[in-house]
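**Q**
Protein chains: 2
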Amino acid sequence: MSDVGVTVKKNEDFSEWYTEVILKSGLADYAPIKGCMIIREDAIAMWERIQEVLNKKIKATGHRNVYFPMFIPEGFLKKEAEHFAGFTPEVAWVTQGGDTPLEEKLAVRPTSETIIYATFSKWIRSWRDLPLKINQWCNIVRWETKATKLFLRTREFLWQEGHTAHATKEEAEKEVMYALGEYRDIIENYLAIPVIVGVKSDSEKFAGADYTTALEAMMPDGKALQMGTSHNLGQHFAKVFDIKFIGEDEKDHMVWQTSWGLTTRTIGALVMIHGDDKGLVLPPKIAPVHVVIVPIPYKGADPAAIAAKAKEVADKLTQKGLSVILDDRGEYTPGWKFHQWELKGVPIRIEIGPRDLQQQQVVMVRRDTKEKSFVKETELLETAEKLLEDIQRNLFVKAKQNLEEKTTSVKTYDEFKQIVAGKGGFVKAAWCGGADCEAKIKEETGATIRVIPFEREEPKTDCLICGKKARDIAYFARSY
Amino acid sequence: MSDVGVTVKKNEDFSEWYTEVILKSGLADYAPIKGCMIIREDAIAMWERIQEVLNKKIKATGHRNVYFPMFIPEGFLKKEAEHFAGFTPEVAWVTQGGDTPLEEKLAVRPTSETIIYATFSKWIRSWRDLPLKINQWCNIVRWETKATKLFLRTREFLWQEGHTAHATKEEAEKEVMYALGEYRDIIENYLAIPVIVGVKSDSEKFAGADYTTALEAMMPDGKALQMGTSHNLGQHFAKVFDIKFIGEDEKDHMVWQTSWGLTTRTIGALVMIHGDDKGLVLPPKIAPVHVVIVPIPYKGADPAAIAAKAKEVADKLTQKGLSVILDDRGEYTPGWKFHQWELKGVPIRIEIGPRDLQQQQVVMVRRDTKEKSFVKETELLETAEKLLEDIQRNLFVKAKQNLEEKTTSVKTYDEFKQIVAGKGGFVKAAWCGGADCEAKIKEETGATIRVIPFEREEPKTDCLICGKKARDIAYFARSY
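Sequences listed follow chains R and A, in order. Residues in the first sequence are numbered from 14 upward in steps of one, following this note's numbering. Residues in the second sequence are numbered from 14 upward in steps of one, following this note's numbering.
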C-alpha cells in the first residue's frame with residue numbers, strides 16, 4: 014500500500030489517472046517482464062466473485078467446467094484458415110522442451126477452439142451426447158506489441174471460455190444469446206456497467222465464427238470497451254474437425270457450435286467508469302470489502318471502550334453476511350486510514366469516536382457521494398444494507414448517464430467526423446452494410462463498428478459514406 | 014461416457030486398471046498433444062471442491078490470492094543457482110512472439126518463486142508490510158520425458174502455490190507447519206487418504222529450500238505418492254532477490270520465506286486408493302454427486318407415480334444440501350445406469366420401483382461395500398446422511414489398513430532389499446543421515462527416503478548401509 018493518494022485528476026489526464034489508481038490502490042502491478050502484469054489481491058478477489066456468480070449460473074443450466082492443455086500444436090491452429098490468420102500474428106511459441114528443440118512448435122493458447130474441438134470429435138458420437146456444454150477458467154496469451162495497459166492490453170490475461178456443441182442450428186443460436194444474457198446480468202447488475210448489446214460487423218467478428226455478438230461499454234474518455242463476446246460458430250469448426258453425430262434418425266449430422274468469453278479486462282472497465290480523484294469506487298456487489306471501521310481514539314477518551322464498540326459493530330455486520338475490515342492498527346492515524354480505504358474503493362466507512370459512543374451512534378460515510386450521516390446503533394444493520402443497495406444503484410445510474418451523454422446520432426459524415434474527433438463516444442449512424450464504407454470510416458477516423466444493436470432502429474437516412482440505402486443503424490466508436 | 018465397464022482387475026494389472034478407470038469414468042482423457050491430459054468434468058469439480066476448502070482455510074488466516082505472469086525470464090531462474098539447476102532440465106521455453114524471436118527466452122513457469130520474489134523485493138519495505146502471505150491457483154509446466162501417467166506425470170498440471178515472507182525465522186517455521194497441517198486435513202479428512210508427514214532428506218528437498226516437509230501416501234501397488242510439500246526457504250531467495258525490510262528497530266533485515274504447493278495429482282491418488290473393479294469410489298466429502306436416483310419402471314407399473322416419487326426424493330435430499338442426480342433418461346436401462354454410476358464412484362444409489370412405492374420405502378446401495386438396504390421414506394434423510402459419514406470413515410479406515418500393511422520395519426539391508434523387491438510399501442530403516450548411504454540405496458533398489466517422520470522414533474540399530482550410528486528412522490519407498 015502506498016502512503017500518498019492519487020496525484021492526477023481523472024478529467025485532466027485520464028490515462029495517467031487510470032494507471033495511478035490501479036497501482037496505488039494495489040489492484041495490480043507491472044510485472045518484471047515486459048508486457049505482463051501482476052493481478053493483485055483485491056482484483057483477484059473481484060475476479061473470484063465473478064467466477065462464483067458465473068459458475069453458479071452456467072452450472073444451473075447444465076454447463077460443466079473442464080481444463081484443456083494450454084499448448085496447441087501449430088497444425089491444429091492451421092486447420093481453420095480464417096482462425097489461423099486471425100490469431101497467428103500474436104501467438105507466443107514454445108519451441109524447446111528442456112534442451113531439446115520440439116519437432117512441431119506449440120502455440121500458447123490464444124483461445125482454445127482448435128484443441129477443444131479436436132477432442133469434441135472424439136467425445137461426440139450420438140444425439141445422446143448432445144448438447145455438450147463445457148467451460149474453462151484459464152490464462153490466455155496474446156503477444157501484444159502495442160504499449161501495455163493494465164487489465165486492458167497485456168500479453169497474458171485470465172478469462173473463461175465456454176464451448177458448446179448442439180444438434181440443431183436453432184439450439185446453438187439460443188445458446189449464443191443465453192451466454193450473452195448471463196454476461197449482461199453480471200456486467201450491469203454486479204459491475205454496475207451499462208452496455209449496448211448487439212452483433213459485430215463481419216470485419217470485427219471472431220476469426221472462424223458465423224457471427225459474433227458482443228457487449229460494449231462506454232468509458233469516460235469517450236472510447237468504447239468490449240466487455241464480452243459470444244460467438245455463433247456455425248459449422249465451420251465442425252467441418253474441419255469432423256464433429257459428427259448419429260441423430261435419432263440414425264443418419265450422420267454435423268454439430269452446431271458456440272463459444273463465448275469474459276476476461277479480466279472487465280476489471281479495467283470498472284476502474285475507469287466508477288473511479289474518482291480519490292481512487293477506486295467499487296460496486297458493493299463485487300467489492301471484496303463492504304465496510305471498513307475506523308475507531309477514532311481522541312486524546313483523553315477511553316480507547317478500550319471505543320475498541321470494544323468497534324469490534325461489536327464489526328461482528329454485527331459480519332454476522333449479516335457483510336465483508337468487514339476493522340482497521341484498528343495503532344501505527345497509522347485515522348486520517349491516513351481514511352485516504353487508504355477511499356483509495357481502495359470500500360463502499361462504506363464507519364467511524365466511531367468518544368462522542369458516538371456516548372450517543373450510541375456511528376458515523377457512516379459512503380464512498381460514492383462522500384455523504385456523511387450519523388446512524389443510531391439500533392438502525393445500523395438496516396442502514397448499512399440500504400446504503401449498499403443505494404450505492405450499487407447510484408453507480409449504475411451515473412454510468413448510464415455517461416453512456417447516454419456519450420451517444421450521438423448523426424446524419425452526415427461531417428457530423429460523424431466532428432463527434433469522433435471531439436467528444437467521442439458512440440456515434441449512431443446509418444450504414445449500408447458494406448465492408449468498404451466501414452473500412453473507409455476506420456481509416457479516416459479510427460472509429461469502428463462496435464455493434465449493430467439488437468434493439469433495432471429503422472434507418473431514416475442513407476449510408477453515411479456511399480449514400481446508398483442503409484441496412485442498419487450501427488454504433489461506431491474508437492475503442493480500447 | 015463409455016458403454017462398457019472396467020475390463021481389467023485392480024489386483025491383476027494395477028497400472029492398466031488405473032488408466033482404464035480414469036478414461037472410462039470420464040475423469041480425464043489424453044490430449045491430442047503428447048504428454049498432456051484433459052482434466053474432465055468430475056475431476057475439475059473435485060479440484061474446485063479442494064480449492065473451496067483450502068481457500069476458506071488460508072483466507073481465514075490472512076493469506077490472499079493473486080496471479081503472477083506465467084513467463085519467467087531465463088535470467089530470473091538463474092539467480093538462485095540450486096533452483097536453476099533443479100528446474101532447468103524440464104523447462105518449456107518460449108522463444109518466439111508472433112514472427113519475432115525473443116531477445117531472452119522465457120520459461121513457462123515450472124514454479125514461481127523467482128518471479129514472485131523479484132516482486133516481493135519491491136513490495137516489502139518495512140516491518141508493517143510483514144508478514145506477506147499470498148497464494149495463487151494456476152497451471153504449471155514441467156517438460157517430462159518419461160511416459161505420461163494421467164494425473165501423476167503430465168507436462169502441464171494445475172496446482173496452488175503459497176508464498177510467504179516473515180520478519181523472523183520462527184514465524185517462517187510456524188508457517189511451514191501451518192500449511193502442512195491444512196494439507197493434512199484436506200488429504201485425510203476430505204480425500205480420506207492417510208499420510209505420513211515429515212521432513213525430506215537434503216537430496217530430496219526442493220531446489221533452493223533450507224528444508225522441505227511433505228505428506229506421503231501409500232498406493233495399493235506398494236509405491237509411495239507425494240501428496241503435497243511445504244518448504245522452508247530460509248533466506249536463500251531473500252538474499253538473491255534482495256528482500257529486505259526496516260524493522261521496528263529501524264535497522265535493515267532480510268525476510269524469512271516459505272512456499273508450499275498442492276497439485277491435481279492428489280486426484281490420481283484418490284483413484285488408486287479407493288477405486289475398485291467396478292470403477293471409482295469417491296469419498297462423499299469430495300464427490301461431485303452424493304446420490305444418484307434411478308427409477309425402476311417395471312412392466313405394468315405406474316411410471317408416472319414412480320417418476321413423481323423419485324422427484325420428491327431428489328428434492329428432499331437436495332434441500333438438505335446434498336448433490337443429487339435423478340437419472341430418469343428413457344434411453345438407458347436401469348442396469349446400464351447402475352454400471353455407469355458405479356463407474357463414476359457416486360457414494361449412494363437409490364432405486365425406486367413399484368414395490369418400494371407401495372411400501373413407502375426406497376432401496377439404498379452404498380458404493381464402497383455394495384451393501385443394499387431398504388429404507389423407510391420417513392428415515393430417508395437421516396439414513397442418507399449417516400451412510401455418507403460411514404462411507405467417508407470406512408474409506409479412510411481401509412486406506413489406513415493398507416498403509417499399515419504396507420509399512421515394514423527392517424534391521425538389515427538384506428531384509429530391506431527383499432521387501433522393496435517384493436511387497437514394496439514403506440520400509441522403515443535406520444539411517445546415519447549421510448547422502449552416500451542414501452544414494453547407494455537408491456541406486457541398488459530404486460527406493461528413496463520419502464520422509465523422516467515428525468513422530469520421531471529412536472533408532473535401535475545402526476545405519477543399514479555404513480553401520481555407523483543411525484541418526485533417524487527414515488521411511489523409504491519406491492515412488493511415483
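For glycine and all other residues, C-beta sits at the position ideal for the given N, C-alpha and C. Just so we're clear, the structure is a prediction, and the values are computed from it rather than from any experiment.
In terms of residues, what are the limits of the alpha helix (DSSP H) holding Ile63 (chain A)?
**A** Glu54 to Ala73
**Q** Go ahead and pull the three-state DSSP assignment for Ile286 (chain R).
**A** helix
**Q** Taking the alpha carbon of Ser125 (chain A) as the point to measure from, which residue in A:Ser336, A:Trp273, A:Leu339 and A:Asn245 has its own alpha carbon closest?
**A** If we check each option's Cα against that of Ser125 (chain A), A:Trp273 comes out closest.
**Q** Rounded to a whole number of angstroms, what is the C-alpha to C-alpha distance between Phe254 (chain R) and Ser216 (chain A)?
**A** Answer to the nearest angstrom: the Cα atoms are 47 Å apart.
**Q** Would you report the Cα separation of Asn148 (chain A) and Thr421 (chain R), rounded to the nearest angstrom?
**A** 46 Å
**Q** For Arg379 (chain R), report the span of its beta strand (DSSP E) as first-last.
**A** Boundaries of the beta strand (DSSP E) harbouring Arg379 (chain R): Gln374 to Arg379, taken from the DSSP string.
**Q** What first and last residue would you give for the beta strand (DSSP E) that runs through His352 (chain R)?
**A** Element bounds for His352 (chain R): not the beta strand (DSSP E) but the alpha helix (DSSP H), Pro347 to Leu356.
**Q** Which class does Ser492 (chain R) belong to by DSSP, given the choice of helix, strand or coil?
**A** strand
**Q** Can you tell me whether Ser214 (chain R) is helix, strand or coil according to DSSP?
**A** coil
**Q** From the DSSP output, read off the bridge partner residues of Arg155 (chain R).
**A** Arg155 (chain R) is not bridged to any residue.
**Q** Tell me which residues of the segment 81–111 of chain A have at least one Cβ-Cβ distance to chain R shorter than 8 Å, keeping chain order.
**A** Phe81, Pro82, Met83, Phe84, Ile85, Pro86, Phe89, Thr101, Pro102, Glu103, Val104, Ala105, Trp106, Val107, Thr108, Gln109, Gly110 and Gly111
**Q** Answer yes or no: does any C-beta atom of chain R fall closer than 8 Å to that of Val307 (chain A)?
**A** no
**Q** For Met14 (chain A) and His266 (chain R), I'd like the C-alpha separation in whole angstroms.
**A** Caution is warranted here: a pLDDT of 42 is assigned to Met14 (chain A), below 50, making its placement in the model unreliable, and the coordinate value is therefore given only provisionally. Answer to the nearest angstrom: the Cα atoms are 20 Å apart.
**Q** Looking at the unbroken beta strand (DSSP E) that takes in Pro114 (chain A), where does it start and where does it end?
**A** Note, Pro114 (chain A): beta strand (DSSP E), Thr113 to Val121.
**Q** Exposed or buried, which one is Ser386 (chain A) when buried takes at least 16 other CB atoms within 10 Å?
**A** Exposed: under 16 other Cβ atoms inside 10 Å.
**Q** Going by C-alpha to C-alpha distance, which of R:Gly480, R:Phe439, R:Trp444 and R:Ala443 sits closest to Glu229 (chain R)?
**A** R:Phe439
**Q** For Gly211 (chain R), count neighbouring Cβ atoms within 10 angstroms of its own Cβ and tell me buried if that reaches 16, exposed if not.
**A** Flag for Gly211 (chain R) reads buried.
**Q** Would Ser15 (chain A) count as contacting chain R if we go by Cβ distances under 8 Å?
**A** At Ser15 (chain A) the pLDDT is 46, less than 50, meaning the model places this residue with poor confidence and gives no usable figure here.
**Q** Are the beta-carbon atoms belonging to Pro367 (chain R) and Ala314 (chain R) less than 8 Å from one another?
**A** Their beta carbons are under 8 Å apart, which means Pro367 (chain R) touches Ala314 (chain R) by this criterion.
**Q** Going by C-alpha to C-alpha distance, which of A:Lys441, A:Gly358 and A:Gln371 sits closest to Glu468 (chain A)?
**A** A:Lys441
**Q** So which residues on chain R does Trp156 (chain A) lean against when the C-beta distance must stay under 8 Å?
**A** Gly110 and Gly111
**Q** First and last residue of the alpha helix (DSSP H) that includes Asp475 (chain R)?
**A** Asp475 (chain R) -> no alpha helix (DSSP H), and no H or E assigned at all.
**Q** For Arg278 (chain A), go through chain R and note every residue whose CB falls closer than 8 Å to its CB, in chain order.
**A** Simply none; closest approach about 14 Å.
**Q** Among A:Trp60, A:Val121, A:Arg379 and A:Ile280, which residue has its Cα nearest to the Cα of Phe84 (chain A)?
**A** A:Val121
**Q** Kindly indicate if chain R contains any beta-carbon less than 8 Å away from that of Arg62 (chain A).
**A** no
**Q** Give the C-beta separation of Val34 (chain R) and Val284 (chain R) to the nearest angstrom, bearing in mind that I take them to be a contact with Cβ-Cβ under 8 Å.
**A** 6 Å
**Q** For chain D, find out if any of its Cβ atoms is closer than 8 Å to the Cβ of Val121 (chain R); answer yes or no.
**A** Within the model displayed, chain D is absent; protein chains R and A are what it includes.
**Q** Between which two residues does the alpha helix (DSSP H) carrying Ser272 (chain R) extend?
**A** From DSSP, Ser272 (chain R) is part of no alpha helix (DSSP H) but of the beta strand (DSSP E) over Trp269 to Thr276.
**Q** Considering only residues of the same chain and omitting the five flanking positions on each side of Cys49 (chain R), which have a CB-CB separation below 7 Å?
**A** Thr167, Arg168 and Glu169
**Q** Under 8 Å between C-beta atoms, does Thr32 (chain A) make it to chain R?
**A** no
**Q** By Cβ distance below 8 Å, which residues in the same chain neighbour Pro144 (chain R) in space, the five residues on each side in sequence not counted?
**A** Gly75, Thr177, Ala178, His179, Ala180, Glu184 and Glu188
**Q** If we ignore side chains and look at the alpha-carbon of each, how far apart do Lys455 (chain R) and Val423 (chain R) end up?
**A** 16 Å
**Q** Under the DSSP definition of a beta bridge, which residues are partnered with Met50 (chain A)?
**A** Paired residue(s): A:Tyr43.
**Q** In three-state terms, what does DSSP make of Asn24 (chain R)?
**A** Asn24 (chain R) falls in the coil class under three-state DSSP.
**Q** When you compare the CB of Asp42 (chain R) with every CB in chain A, is at least one pair closer than 8 Å?
**A** yes
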